[in-house]
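In the working numbering, the protein residues as written are 10 to 80.
C-beta atoms are modelled at their ideal positions from N, C-alpha and C, and glycine is treated no differently.
All remarks here apply to the structure that follows.
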């Protein structure tokens, strides 16, 4: 895979992550940011740099972010 193709794939994956979090109300809720820009960037980098063998760990990480906080 060429460098340009790899970078396009990473941007596509990051876009899917943002869309997934948005659809599940984990980016903005009640007009306030749920995840800061820095945390979102760190999460995207973590996922991009993770080994394919860590896919299950990355999925669990994102799914844990979707759990409603207990009040």
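Measuring CA to CA, which of the options is closest to residue i?
{"i": "residue 67", "options": "46, 24 and 53", "result": "53"}
{"i": "residue 25", "options": "77, 47, 71 and 41", "result": "71"}
{"i": "residue 46", "options": "78, 23 and 73", "result": "23"}
{"i": "residue 74", "options": "41, 49 and 40", "result": "49"}
Three-state secondary structure (DSSP) at residue i?
{"i": "residue 44", "result": "coil"}
{"i": "residue 32", "result": "helix"}
{"i": "residue 57", "result": "helix"}
Residue i: buried (16+ other C-beta within 10 angstroms of its C-beta) or exposed?
{"i": "residue 55", "result": "exposed"}
{"i": "residue 30", "result": "buried"}
If I'm right that residue i touches residue j with Cβ under 8 Å, what's the distance once you round it to whole angstroms?
{"i": "residue 32", "j": "residue 43", "result": "Actually they do not touch by this definition, with Cβ atoms about 13 Å apart."}
Could you confirm whether any beta carbon from chain C is found closer than 9 Å to the beta carbon of residue i?
{"i": "residue 61", "result": "Checking the listed chains, one finds no chain C in this structure; it contains a single protein chain."}
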